[in-house]
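Report on the following structure.
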Ligand SMILES: Cc1cc2nc3c(=O)[nH]c(=O)nc-3n(C[C@H](O)[C@H](O)[C@H](O)COP(=O)(O)OP(=O)(O)OC[C@H]3O[C@@H](n4cnc5c(N)ncnc54)[C@H](O)[C@@H]3O)c2cc1C
């Protein structure tokens, strides 16, 4: 198939690839890579296109991975599940659940492919948990030369390949180290913002999974605290239905309305935010972990997210809040604040080597406010911020190298696996500093 326009979920990246291929096996991936190489066309793999950055953008060959989906195997003794790289997080979680297993932590949604999610360091929240990539103990990777590598737990390539931006090869299968299926008791409340931010580290330490949303211009935080409970203690089915109604009507329906209103009348943003902060229902419910971690996001947005040292999060947040107050920007979308453990599993993990606090800024996709993202970037860079690889930022290798101690080791692996530079595009060239 050729000459088809492509765009990502957030409508922040578009291209017209010369060719779109949809391989269904590792062998077909290898053939596609060899063919592109012979034709002198660059290749970009793409999963669910949920990255906001131009990582997957290409005028060459777009290699769609959704055909590489499904269960490949289960190791019941070790609690491991292997799926095709194009399997969505949600499908993987449901498959795992069938065998009494679960991801130990997940992000906000589950529509990403497992390979795409790990490739940018996708994470959830929880002071004792790393990104999804840290749960990966094996990968099948087709190199740009067409070789099919089985990368096991002790393989020195794994720390480079877990978070690899689609720069080392095409991931055709992923093995996840699961935990026994568990439930989450979720509690969502509105609280006064300042003490929550000042005590963010303590709140993270006291809970299994803590996060907050702040509606700019208000002094209110919507806090979410999830506590791990045995699988047998999840609530009745009706509570799930109620939760879906809440998510759909409040988090999505009302939210779409407030975003549209704010776009028509920016002066109304502060009062709208105050109403929105109080409209989001306080609620408590219990459900299987994968149903609580992920919730629907139907309002299309653009996003940037910065990873700062956890102990500096309160200062970084306050500096951001002050800068935003001094600006003329009116932001209708909440800011999300999360945390993760120090991660040693992947060299390009945004939480590599340090307990991490994450601050994510969003805006309505119909009204992308670049000044807002620039303001956040300026503030968070001052706190040794690392940008999420899949979310909007303007950093380049000259800056990123100093923020990742193993940056050059990653580049050495890339040079070895892709000496001819098949898996490239201008965005990747910028962030990795490729000549
Ligand atoms: C609504 C929404 C909610 C989100 N929530 C979170 C969140 O809670 N936490 C968080 O950290 N992030 C979040 N993100 C960001 C998202 O998880 C990442 O951008 C993720 O990489 C997207 O996965 P994907 O399958 O869409 O990959 P894509 O965006 O398609 O690709 C991402 C990268 O992986 C590469 N790639 C994809 N498939 C393969 C493969 N098979 N082999 C090799 N390389 C591959 C691509 O080339 C690209 O470099 C969210 C994004 C959206 C739109």
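Numbering (our numbering), first residue to last: 208 to 642.
From the three backbone atoms N, C-alpha and C, an ideal C-beta is built for every residue, glycine too.
CB-CB length for residue i against residue j, believed under 8 Å
i: residue 346; j: residue 358; result: 5 Å
i: residue 649; j: residue 419; result: Nothing in the structure corresponds to residue 649, since the chain is present only between 208 and 642.
i: residue 338; j: residue 332; result: Contact flag wrong, Cβ pair sits at about 11 Å.
i: residue 593; j: residue 557; result: 5 Å
i: residue 599; j: residue 580; result: 5 Å
i: residue 610; j: residue 591; result: 7 Å
i: residue 353; j: residue 293; result: Contact doesn't hold; Cβ gap of about 18 Å is too wide.
i: residue 385; j: residue 310; result: 6 Å
i: residue 520; j: residue 407; result: 5 Å
i: residue 588; j: residue 565; result: Not really, about 15 Å apart at Cβ, beyond 8 Å.
i: residue 290; j: residue 321; result: 6 Å
i: residue 509; j: residue 569; result: 7 Å
i: residue 423; j: residue 538; result: 4 Å
i: residue 279; j: residue 306; result: That belief does not hold up - the Cβ atoms of residue 279 and residue 306 are roughly 13 Å apart, past 8 Å.
i: residue 640; j: residue 262; result: Incorrect: roughly 15 Å between the Cβ atoms, too far for contact.
i: residue 425; j: residue 489; result: Actually they are not in contact, since the Cβ atoms of residue 425 and residue 489 sit about 16 Å apart, beyond 8 Å.
i: residue 236; j: residue 349; result: 5 Å
i: residue 325; j: residue 344; result: Not quite, the Cβ-Cβ distance comes to about 12 Å (not below 8 Å), so this is no contact.
i: residue 218; j: residue 507; result: 7 Å
i: residue 264; j: residue 634; result: 6 Å
DSSP beta-bridge partners of residue i
i: residue 221; result: 214
i: residue 417; result: 432
i: residue 242; result: Residue 242 pairs with nothing; no bridge assigned.
i: residue 382; result: 289, 345
i: residue 403; result: Looking at the DSSP assignment, residue 403 forms no beta bridge with any residue, so it has no partner.
i: residue 569; result: 510
i: residue 547; result: 333, 563
i: residue 320; result: 295
i: residue 282; result: 287
i: residue 594; result: 513
i: residue 227; result: 269
i: residue 391; result: 435, 494
i: residue 358; result: 346
i: residue 253; result: 271
i: residue 398; result: 428
i: residue 309; result: 386
i: residue 542; result: 421
i: residue 377; result: 349
Give the residues whose C-beta lies closer than 5 Å to at least one heavy atom of ligand 1, in chain order. With 5 Å as the limit, the residues whose C-beta approaches a heavy atom of ligand 1 more closely than that are 216, 252, 253, 254, 255, 256, 257, 258, 262, 263, 272, 292, 314, 315, 316, 319, 320, 322, 323, 324, 326, 327, 329, 330, 372, 373, 377, 378, 504, 597, in chain order.
Would the region 547-562 count as touching the region 430-439 if we require 3 or more Cβ pairs under 8 Å? Contact check between the region 547-562 and the region 430-439: fewer than three CB pairs, one atom from each, fall below 8 Å, which does not count as touching.
Three or more C-beta pairs closer than 8 Å, one from the region 315-335 and one from the region 572-592: is that the case here? Below 8 Å, too few C-beta pairs join the region 315-335 and the region 572-592 to call them touching: fewer than three.
Report yes or no: do three or more beta-carbon pairs, one from the region 560-576 and one from the region 361-379, lie closer than 8 Å? The answer is no - the region 361-379 does not touch the region 560-576, with fewer than three Cβ pairs under 8 Å.
With contact counted as at least three CB pairs below 8 Å, one residue from each stretch, are the region 267-285 and the region 245-254 in contact? Because the criterion of three Cβ pairs below 8 Å is met, the region 267-285 and the region 245-254 touch.
Is there contact between the region 592-609 and the region 534-553, where contact requires at least three CB pairs shorter than 8 Å? In the pairwise beta carbon analysis, the region 592-609 is classified as not touching the region 534-553: fewer than three pairs are separated by under 8 Å.
Any 3 or more C-beta pairs closer than 8 Å across the region 254-263 and the region 274-283: Fewer than three beta-carbon pairs drawn from the region 254-263 and the region 274-283 are found closer than 8 Å, and the two stretches are therefore not classed as touching.
With three or more beta-carbon pairs closer than 8 Å as the criterion, would you say the region 513-520 touches the region 388-397? Flag = no, the region 513-520 and the region 388-397 do not touch.
Contact between the region 405-423 and the region 351-367 (3+ Cβ pairs under 8 Å): Short answer: they don't touch.
Contact between the region 227-243 and the region 294-304 (3+ Cβ pairs under 8 Å): No, the region 227-243 does not touch the region 294-304.
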